[in-house]
């Protein structure tokens, strides 16, 4: 707490100061938050030898609402912890008032709240930067009540983003209440069992004007960028119209959502460049829903981008090859990218509709 | 600063993809100097760390010292590890980056140097596929700029398969005439559009943010004129002295070293008209227009509107500090200004009658660069119960050390009665955007490689700045000063306070 975190800005989560409130009365929650800041200011002064301090700085650029499953068991606890760490890391670039909704599967339709502050000290600085966090525990039965609780707690005049960590919640009717509040909804469809269904829901939401994004798409940014860089070469750019085939090779026996996204994106880009490519999904073996492994674009030139090991990709164009180590896609890295884009994302919005169509009628070929 | 350069590539996603710059070779003349070690290589390394540079990016360092490529790489590794700011040094990234570093010993006055450079560039173009793009960076003495440009031209490397650009550092001449002579020499070889005059102040996030602040928000611009702004103070203060560079500094002085370039550019950014578009030409046109609107002082106006100072020995804290004339390499009778302050007026409808006070100096109480915009007092003060008088509202744009913007206004003190006290509303770059801001050189180098000249100074801007400063320099060159006239640790000479006091103003103490 207070100045205990002095030192370089390491990846450890920041210090916390906490207070529990017994019921969700928004005014009381906000009052307790205000009290928390007053206490922190006092602790910051007394925590130094000289009594003079650089103080604490309250920073807020948005309200981030995070929906998490609150399940028993070590695995669930680890998931929660990773989410907590991601939130703490994201605060450094996107300081916000975070409202974490911990959803229990069963129990009375009850709500409880708990306020805290996350603090860290930027590299080379002496002043702590702190963001507010409100933790609300609720049962799924109370999910439809949550937007009404969140609304008065949101930081005024700033964007509100909802991170729906369990993607299944997105499909629940009770989730609809979040859309009027949210400038953006973020989910991750990667682990969702029914790829076609989740892509269909995403496409429908976007077609109706809602701003939704999918971390499964975000994970593809650097890989897409590799393809785009290849075609920055005017020689290859001029040959786009000669592309006849796009082959998406995946591990596993079921096509992952990332493959549908990549295929849809490629198809649209190539068609806008005058090509009419045939699309093919190919399994490289293995069970279950695997990963996107290799993307091949064939025309007068042959382009391949392959994940060779870890996060190292090899881009091959005809006989030339180049390896690039891409950043590891942690939750906080993906979130940071999405939180930096609060407006419309025309490329994604155009891609998801076609991805949903591909998912509804495509089968994997096995070689 | 264009966020993305459109290329007709249907795969581009400007919202998500980092702006990458094309392959190129950066040739640094004077590669063994301080600027390369402290600023250029750390900036280029950082760009490589963030994968903003193409895989084939190359650097050729040139200086007179004989050295192998390996030795140069080792030296640069030490410098980067030492001078990298607010960012980690990654050995693996460095290893990859260093494969693109090369070195050539050579003298800028020797034609053979450029012929050898031409051969080297051809080889690098082949192996690293730079597309023939070359950025020539003159990190040499300004007196060598013309020779370097002519050498590049004579060797036939001012043009080639790709683009060729030239970056020069200030000073751009030492007066208007020499600035024109230098420009003419550069133009013998390079078009003006390929000449990039660096002013690293323009690369600072806060200075760039002035444009976003003024023209991205609707609430400030209606107040941004003589009806609401009383005066503007621009301060660039250093607490250090000349730090061993006395012999260089005494040729320049504060007026030439800071006001003629950085601070007038900052003033132009604060005072310019909004451009119709945010493209380099349009923005620079407005800056140039503002600079041309500055009233050029007549000789008899200089005494009342410009103050020169030189620091004398004193004690700062518990330590004795040398005066400028006692610094190593400095003439004991030196008349160089280590402090300069001037009052400028902009002759246009927006700013007529509003003084712009600019001051800069060494051995001032603290290191701070800021712009303080003083608004007019309310037309009727109904709260002057304390007798303090109405304090003006202030908008402070802090350039360094803590970048940010503050708005100071009066608020009621809690309790009975109506006592007012000033309070501050702060926006701090470091906390509102927790991510790291790029250094000025990272921004500027990336822009030069990308061909974006928005943050670079154009020849007409250089000439207009010299025109504003020359009358002061001319009068001072004939004047007998009673130097030193301020002690180390003071905010400058009394004459600077008197300059403002004549208009009823007071220098802000940041």
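Protein chains in written order, with this note's numbering: chain A, 1 to 367; chain B, 368 to 877.
The beta-carbon is built from N, C-alpha and C at its ideal position, and this holds for glycine as well.
The structure presented is a predicted model; accordingly, all values stated were derived computationally and were not measured.
Per-residue contacts from residue i into chain B (C-beta, under 9 Å)
i                     : result
residue 227 (chain A) : 378
residue 224 (chain A) : 378, 380, 383 and 384
Within-8 Å CB hit, residue i to chain B
i                     : result
residue 70 (chain A)  : no
residue 345 (chain A) : yes
residue 231 (chain A) : yes
residue 337 (chain A) : yes
residue 133 (chain A) : no
residue 341 (chain A) : yes
residue 181 (chain A) : no
residue 199 (chain A) : no
residue 237 (chain A) : yes
Beta-carbon proximity check, residue i vs residue j, cutoff 8 Å
i                     : j                     : result
residue 450 (chain B) : residue 405 (chain B) : yes
residue 249 (chain A) : residue 185 (chain A) : no
residue 277 (chain A) : residue 267 (chain A) : yes
residue 313 (chain A) : residue 307 (chain A) : yes
residue 713 (chain B) : residue 661 (chain B) : yes
residue 539 (chain B) : residue 829 (chain B) : yes
residue 521 (chain B) : residue 481 (chain B) : yes
residue 609 (chain B) : residue 834 (chain B) : no
residue 851 (chain B) : residue 679 (chain B) : yes
residue 335 (chain A) : residue 382 (chain B) : no
residue 87 (chain A)  : residue 65 (chain A)  : no
residue 387 (chain B) : residue 431 (chain B) : no
residue 181 (chain A) : residue 160 (chain A) : yes
residue 569 (chain B) : residue 727 (chain B) : no
residue 187 (chain A) : residue 207 (chain A) : no
residue 415 (chain B) : residue 647 (chain B) : no
residue 398 (chain B) : residue 467 (chain B) : no
residue 738 (chain B) : residue 761 (chain B) : no
residue 97 (chain A)  : residue 155 (chain A) : yes
residue 369 (chain A) : residue 135 (chain A) : This structure leaves residue 369 (chain A) out entirely; chain A is present only between 1 and 367.
residue 423 (chain B) : residue 385 (chain B) : no
Contact set between residue i and chain A, taken where Cβ atoms lie within less than 8 Å
i                     : result
residue 422 (chain B) : 322 and 324
Chain A contact for residue i (CB, 8 Å cutoff)
i                     : result
residue 835 (chain B) : no
residue 405 (chain B) : no
residue 825 (chain B) : no
residue 560 (chain B) : no
residue 756 (chain B) : At residue 756 (chain B) the pLDDT is 46, less than 50, meaning the model places this residue with poor confidence; the figure from the coordinates comes in the next sentence. With 8 Å as the cut-off, residue 756 (chain B) does not count as an interface residue toward chain A.
residue 387 (chain B) : yes
residue 752 (chain B) : Because residue 752 (chain B) sits at a pLDDT of 47, beneath the cut-off of 50, its placement in the model cannot be relied upon, and the following sentence gives the value as read from the coordinates. Not an interface residue.
Chain-ordered chain B contacts of residue i [CB-CB under 7 Å]
i                     : result
residue 273 (chain A) : 377
residue 119 (chain A) : Simply none; closest approach about 11 Å.
residue 213 (chain A) : Those do not exist, as residue 213 (chain A) stays about 11 Å from chain B at its closest Cβ, beyond 7 Å.
residue 296 (chain A) : Those within 7 Å of residue 296 (chain A) in chain B number zero; the least Cβ separation is about 15 Å.
residue 221 (chain A) : 383
residue 269 (chain A) : 377 and 378
Minimum Cβ-Cβ distance from residue i to chain C less than 8 Å
i                     : result
residue 349 (chain A) : Although the question refers to chain C, the structure presented lacks it and instead comprises the protein chains A and B.
Residue i: CB within 7 Å of a non-hydrogen atom of the ligand NAP
i                     : result
residue 155 (chain A) : The ligand content of the structure shown is nil, which means the ligand NAP is not present either.
Cβ contact check for the stretch 438-446 of chain B and the stretch 480-500 of chain B: 3 or more pairs under 8 Å: no
Any 3 or more C-beta pairs closer than 8 Å across the stretch 172-191 of chain A and the stretch 79-87 of chain A: no
Contact between the stretch 350-357 of chain A and the stretch 237-252 of chain A (3+ Cβ pairs under 8 Å): no
Inter-stretch contact at 8 Å, needing at least 3 Cβ pairs: the stretch 613-631 of chain B / the stretch 766-775 of chain B: no
Runs of beta strand (DSSP E) wholly within the stretch 391-450 of chain B (minimum 3 residues, chain order): 392-396 and 425-430
Beta strand (DSSP E) runs contained entirely in the stretch 83-168 of chain A, provided each spans 3 or more residues: 96-104, 111-120, 128-139 and 160-164
Inside the stretch 176-240 of chain A only - beta strand (DSSP E) runs reaching at least 3 residues: 184-187 and 212-214
Segment contact flag, the stretch 487-502 of chain B with the stretch 528-546 of chain B, C-beta cutoff 8 Å, min 3 pairs: yes
Every unbroken alpha helix (DSSP H) inside the stretch 587-668 of chain B [4 residues or more]: 613-621, 631-638 and 647-659
At least three beta-carbon pairs within less than 8 Å, the stretch 858-876 of chain B to the stretch 685-701 of chain B: no
Ranges of the beta strand (DSSP E) found wholly within the stretch 330-358 of chain A, counting only runs of at least 3: none
contact_flag[the stretch 230-238 of chain A, the stretch 191-201 of chain A] where n(CB pairs < 8 Å) is 3 or more: no
Uninterrupted beta strand (DSSP E) stretches inside the stretch 445-496 of chain B (no shorter than 3 residues): 468-472
Alpha helix (DSSP H) runs contained entirely in the stretch 761-805 of chain B, provided each spans 4 or more residues: 796-799
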